[in-house]
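Residues 1 to 379, numbered by the UniProt record's numbering, are exactly what the sequence shown covers, in order.
By construction, the Cβ of each residue, glycine as well, lies at the ideal position given by its N, Cα and C atoms.
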Amino acid sequence: MLTPSEQTRYQKHLNLPEWGLNGQLTIKNSRVLVVGAGGLGCPVLLYLAAAGVGRIGVVDPDVVDLSNLQRQVLYTTSDIGQPKAKAAVAHLQRLNPDLRFDTHAQALDSTNARTLIDAYDVVVDCTDNFGVRYLVNDWCVALNKPFVYGAIHRFEGQVAIFNAELADGQRGPTYRCVFPESPGQMEIPNCAETGVLGVLPGVIGTYQATEVLKLLTGIGEPLTDKLLMTDLLSHTSRTIRIRRRADATSLAQQGIANRQKPTHAGNDAPKKITARSLADRLEQGERIFLLDVREREEYDLCHLDGAVLIPVGMIAATAAADRKRIPTDVPVVIYCHHGIRSANVANYLYTQSGYTNLYNLEGGINAWAQQIEPEMATY
């Protein structure tokens, strides 16, 4: 039953005939895993905690950055530098101390995905990482778990519920039914580099939280076989019907099997380097090749001294045609604005062209400007 305090807290839910006491008790006894505590994760976590979901898991390996605060409304300036998962749980506990929160300040990967996902009733995909999204899909299919999908790009967003149990007892469409294969690393957009309207993740994340609550309580018409697409610039939305592919389960199984195959990753895989470490090594006179993978106009605004510009779109052709431009005999430090594009380039050069001397500058030139050259104006 609900305690007197809970009855007061959730009174507006209890007044809804479609929800009532049974709905609130169902929510209280539910377990939801939120993968990603960024732009989408913040509104999802706030509204699930406010609604009284009894157990909420938060998975995120990142720390709060000043640039997050434009859209990640769960955090404040004092949280900068703190692990997002821990900062999120601290705020949520103050919002609703009666709930259980599980803090997973780590990346969801092939070593822990099964264990984490299996411990919850519903998974909410709030990540901007395609590899993680396919991992969530594949294990949710394998474990018969539904997951609520959300994605954002600039001014547009998408929402759906994948692999949910339908009225006929069958499972609904999966993420791979709509997007069978992950895009290549060089094709992946992200809000850190392309930009995003700050309120967009609030809108889409609120839709996701709504779908979680509908799914758990059984009210309304959840998006179990539909994909909702919203454009905030035109204020238009449309919903398209999606169906489960006959090979949906085998696609997920193959995805899991592929991740379990041995890879050649080892000591020669791309590494991370901090702005401070790079500055120290350059000051000591070490020969380091600096590779700027931004666009020309970004490079012209600011760049590291001596850096060679090869935009992302030219990397594949350059690596295949001319290894002299990207040397193999000295460390190659790759950077962009925030370190996202450069990480993709490093992984591409390693897996596709065999480079073993690669470093990604953590935080990109933005971190360099903050830590090494405060007088450098970024953008």
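Measure how close the beta-carbons of V59 and V34 come, nearest whole angstrom, since I'm counting them as under 8 Å. 7 Å
Residues sharing a beta bridge with A151, DSSP: Q158
Quick check on this structure: which residue in S234, V141, R133 has the alpha carbon closest to the alpha carbon of G150? R133
Under 8 Å, Cβ to Cβ, is there at least one residue of chain C near K214? Protein chain content of the structure displayed is limited to a single chain, and chain C is not contained in it.
From A265 to I315, what does the alpha carbon distance come to, in whole angstroms? Below a pLDDT of 50, predicted positions are generally treated as unreliable, and A265, at 49, falls in that range; the measurement from the model is reported next regardless. Looking at the two C-alpha atoms, the distance is approximately 21 Å.
Through-space distance from L66 to T77, alpha-carbon basis: 7 Å
By DSSP, does N360 sit in helix, in strand, or in coil? Of the three classes helix, strand and coil, the one that applies to N360 here is strand, per DSSP.
Nearest to L216 (by Cα), restricted to the options Q7, M1, V124, F130: Distances from the alpha-carbon of L216 to those of Q7, M1, V124, F130 put V124 closest.
Curious, which full-length alpha helix (DSSP H) runs of at least 4 residues does the UniProt domain "Rhodanese" (284-377) contain? Correct list: 296-301, 312-321, 340-353, 364-371.
Give a yes or no on whether the C-beta atoms belonging to F289 and L232 are separated by under 8 Å. no
Is T249 closer than 8 Å to V141 when the C-beta atoms are compared? yes
Quick one: using the 10 Å Cβ neighbour count with 16 as the cut-off for buried, is V330 buried or exposed? Here V330 is exposed, its C-beta having fewer than 16 other C-beta atoms within 10 Å.
Classify P270 as buried or exposed, calling it buried when 16 or more other Cβ atoms lie within 10 Å of its own Cβ. The residue is buried, with at least 16 neighbouring Cβ atoms inside 10 Å.
C-alpha gap between D109 and L135, whole angstroms: 7 Å
With a 10 Å radius around its C-beta and 16 neighbouring C-beta atoms as the bar for buried, classify K12 as buried or exposed. exposed
C-beta atoms of A105 and P61 nearer than 8 Å: yes
Which value, in whole angstroms, describes the spacing of the CA atoms of I152 and G285? 43 Å
If we count the other Cβ atoms within 10 Å of its Cβ and call it buried at 16 or more, is H337 buried or exposed? buried
Would you decide whether I365 is buried or exposed? Buried here means 16 or more other CB atoms lie within 10 Å of its CB. buried
Give every residue of the same chain whose Cβ lies closer than 7 Å to the Cβ of G198, excluding the five residues on either side of it in the sequence, and list them in chain order. Q70, R71
If I measure Cβ to Cβ from A369 and keep anything under 6 Å in the same chain, skipping five residues before and after, which residues do I get? M376, T378
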